[in-house]
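The structure under discussion appears below in the form of structure tokens.
2 protein chains.
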Amino acid sequence: MSKIRIGLIGCGVVGQGIMRLLHEHADSIEARLGSPIEVRRIVARNPTRDRGPYVDRKWVTVDADAVLADPDIDIIVEVMGGIDPADGYIRRAMEHGKSVVTANKALIADRGHELFELAATRGVDLYFEAAVAGGVPVIRVLREALTSDRVVALKGIINGTSNYILSRMEEQAGLSFADALAEAQSRGYAEADPTLDVGGGDACHKLAILATLAFGKKVGIEQVATEGIERVSAVDMAFAKRFGFTVKPLAIGRALDDGRLDLRVHPALIGSRQVLASIGGALNAIYIDGAAVGPSMLSGLGAGALPTAVSVVSDIVDVGRNLRSEARGRVQHTARGAEPALVQDLSDHECRFFLRFSVRDESGVLGRLAGLLGDEHVSIEQMVQEGQGDRPTAVVMLTHPAGEGGVRRAVERIDALPEVVEPTHVLRIEEDRP
Amino acid sequence: MSKIRIGLIGCGVVGQGIMRLLHEHADSIEARLGSPIEVRRIVARNPTRDRGPYVDRKWVTVDADAVLADPDIDIIVEVMGGIDPADGYIRRAMEHGKSVVTANKALIADRGHELFELAATRGVDLYFEAAVAGGVPVIRVLREALTSDRVVALKGIINGTSNYILSRMEEQAGLSFADALAEAQSRGYAEADPTLDVGGGDACHKLAILATLAFGKKVGIEQVATEGIERVSAVDMAFAKRFGFTVKPLAIGRALDDGRLDLRVHPALIGSRQVLASIGGALNAIYIDGAAVGPSMLSGLGAGALPTAVSVVSDIVDVGRNLRSEARGRVQHTARGAEPALVQDLSDHECRFFLRFSVRDESGVLGRLAGLLGDEHVSIEQMVQEGQGDRPTAVVMLTHPAGEGGVRRAVERIDALPEVVEPTHVLRIEEDRP
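Chains as they are written, first to last, in the working numbering: chain A, -11 to 422; chain B, -11 to 422.
Below is the structure:
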């Protein structure tokens, strides 16, 4: 095979990063693959826009159908994002016998199971390393390096925007969520509409993809209990620190002994000496606990044009190796033909909790809080009370391990007390091993 | 292909771990590979020894030649270790057209270049993930995930014994190297003869393998500047901590702008907030800086029967996938046909240094130390002097960045002064980015 011929769908920052990498590292990629890679056509909405020095306008077209059907193209690379029309493009490409490389997490999380079936039926490859955690090769590690092991749990920081915001709030005492978000936006770490990142939706998509691979069950995005970081305050951060914790935006998947999965995306307190606690800024990290391999971790840049392009182009090389050796479909999707996942209800989850109450400083209020918690068998490990000038008194409790259902019922009754002036903030504590 | 048939050479703890993993995870491995894996023969010196519940004595033979030539065996898995006779076994296996999976770091570091040529000539695979960092998939990440990138630098903790010893000395102030080593031996983290681990030889082998893959040049083990951790004392550890550092056993490879490589294995001071500083105990970690992907890290257990077996069995699955799809030789060795590496002389290396002098507390001695350093253009950033009861006074200096040649010349002259009572201890400081 003389050349690996690419049709690129989408040419924003990631697409331009791919073009740059293919240009700058052309010699080493050709040496490693054994063939040069040639991008023959680029599908983009505006063919006349300037896309920098690595994109010749004569390659750009608006006609996706012609590219998808072009017999001189071997691999379709989709980096346009979004469910539609990307979904249809990828299906048509595979129906035309082309292998596909995509960076589209929403699409893989939502429709991956159907797409992998189609890839298997058509005997083509569908690779998606860049869909989760940008330049961190977690898909490859789960699909290949740990193929001989059984994953027990994974715990990750997989949304760089949320990690940047919480890291800044940790560094600078008193910084509010709103100010940290505004700073992230001004520095390009958060979008103008940050909902998908800070609300947990992005991490939910990624966790659904990772859990499907790690546990070999079909996980739907609606099965992940998802909370954003918007309610984490400077006060939470300060109390967490005082107890020896930091607050991190986590995505957690665990295989329970009864066969169900525990799947959650939310901010959580972790011990400040845990390795994940040292993952700051826009970095991503995924901690994987394997039955045989033990605790493992991967970290790196989870977003950005070039880190994402590294994952896309390495997938192109991998798919290209399969084309050269006529070995398409060499690695089957782990969860093909697997059962749908059964998921533990969040109310059955047990852990230690961090509870921050906002109360009027009246005699007997602590007793009433403790009494209502005790009614639900929630026992208190540590407590700090602190007046805050003219604001309500903050009472922070760390509980012993307790069922989430009971904690939520107790908090609901507590929040109805007349001396409680703001809704109680509940954060989970994640222990050292996932 | 109905079965992937294995001949296993060596059946110590790693071999037994492989047998256990193949047994316990047989169903998931078969589902992922598409074929069952069957170990048909095991070569071991003592065929009657009890090797636990996963090894049937009737599979065990002393006759390596018969196994290497057996037409009913597809893959030879070598976990006996050592250069000879493993080298001959692997060559004969490949000459018989069999692919090979090995965990043998000494062999790959010393004779890898010839073995990869032979594998290419014979059209077979030679995989070696377990040769470096046990269960950490760094070989796969360098060969595949970063195949589209250019590695600028790598910095790793790749000897678990040394890391265990220095972590214990850091945790427990005053603990000597000798006592920490004895503790590591009693807990199974160090061998009776620990020379290869604490002397740096083991990390040197691993760095030669990693640097060959990362930089695409043939690196020989004699090209790695190697120092052990034996001279790190409780006093060094305490002073390092006072300056905000910890001491870690590092392996460092950097591609310099002039095309040469900087290759070093030695204990070094790193900032105690660096992620590598939080890698404690027997964990391994490798920090990789890619031109496009940026800073990335992998960590996990670098030794032990099961973590190592995970890497070996995942290699077996990978090679098995190539056999099933008739795609042997699908991934070529990165440095095949590459030029031998050119390496920077250690005397040309520049960094900040930690210098611990042992002097008699006499007036003028600090001036003489500073003067001799100044003669070699070594300037001092910080200094601490501390009497130690009836022992010589410790003077610790952190230098500004300085050339190692000048530092060594100055120290040689300093150590000849009559008021200097013990050889000066020189440690390098590694800055945040590799």
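Built from N, CA and C at the ideal position, the CB exists for glycine as well.
Counting other Cβ atoms within 10 Å of its Cβ, B:H321 reaches 16 or more and is therefore classed as buried.
Collapsing the DSSP output to three states places B:G144 in a strand. Taking the beta carbon of B:I61 as reference, no residue of chain A falls within 8 angstroms; the closest one sits roughly 19 angstroms away. For A:Y77, the enclosing alpha helix (DSSP H) covers residues 74 to 83.
Ranked by Cα distance from A:G76, the options A:D60, A:L95, A:D58 are led by A:L95. The beta-carbon of B:V347 is placed no less than 8 angstroms from the nearest beta-carbon of chain A. Within the model, the alpha-carbon separation for B:A161 versus B:F227 is close to 11 angstroms.
With distances taken between CA atoms, B:R39 lies nearest to B:M7 out of B:H11, B:V67, B:A14, B:M7.
One alpha carbon belongs to B:G70, the other to B:D98, and they sit about 11 angstroms apart. Ranked by Cα distance from A:T90, the first of A:H365, A:E102, A:A239, A:V300 is A:V300. In the assembly as shown, B:N34 is an exposed residue. Its beta-carbon has fewer than 16 other beta-carbons within 10 Å. Between B:E418 and B:K(-9), the C-beta gap is not smaller than 8 angstroms, which leaves the two residues out of contact. For A:E158, no Cβ of chain B is located within less than 8 angstroms of the residue's own Cβ. Setting aside the 5 residues that flank it on each side, A:E18 is surrounded in the same chain by P24, each with a C-beta closer than 6 angstroms to its C-beta; the list follows chain order. Around the C-beta of A:P237, 16 or more other C-beta atoms lie within 10 Å, and the residue is accordingly described as buried. Between B:G22 and the set B:G393, B:E374, B:R344, B:V307, the nearest pair of CA atoms involves B:V307. Counting along the chain, the unbroken beta strand (DSSP E) around B:L238 starts and ends at 233 to 243. The alpha-carbon separation between B:K46 and A:G232 amounts to approximately 56 angstroms. Under the three-state reduction of DSSP, B:K205 is assigned to coil, being neither helix nor strand. Residue range 14 to 21 is occupied by the alpha helix (DSSP H) that includes A:I17. In the three-state reduction of the DSSP assignment, B:E158 falls in the helix class, which pools H, G and I. Annotation for A:M371: M385 place their beta carbon closer than 6 angstroms to its own, counting only its chain and skipping 5 residues before and after. Between A:A280 and the set B:L10, B:V48, B:G0, B:I153, the nearest pair of CA atoms involves B:L10. For B:Q320, the residues of chain A that pass the 8 angstroms Cβ criterion are R20, G22, in the order they occur in the chain.
DSSP places B:G391 in the strand class (E or B) of the three-state scheme. When only Cα atoms are considered, B:F341 and B:T412 end up about 12 angstroms apart. B:P182 sits in coil when the DSSP states are folded into three classes, being neither helix nor strand. Secondary structure of A:Y115 (DSSP, three-state): strand. Contacts with chain B (Cβ-Cβ distance below 7 angstroms) from the region 1 to 18 of chain A involve L9, H13, S16, I17, listed in chain order.
DSSP lists B:V384, B:H413 as the bridge partner or partners of B:R344. The continuous beta strand (DSSP E) containing B:L271 extends over residues 271 to 278. At a cut-off of 8 angstroms between beta-carbon atoms, B:P283 makes contact with chain A.
A:L271 is positioned such that its CB atom lies no closer than 8 angstroms to that of A:Q332. For A:R138, the chain B residues whose Cβ falls inside 7 angstroms of its Cβ are H13, S16, in order along the chain. The distance from the Cβ of B:V220 to that of B:V235 is about 6 angstroms, consistent with a contact at the 8 angstroms cut-off. Closest option to B:N92, judged by alpha-carbon separation, among B:G111, B:G85, B:Y115, B:R110: B:Y115.
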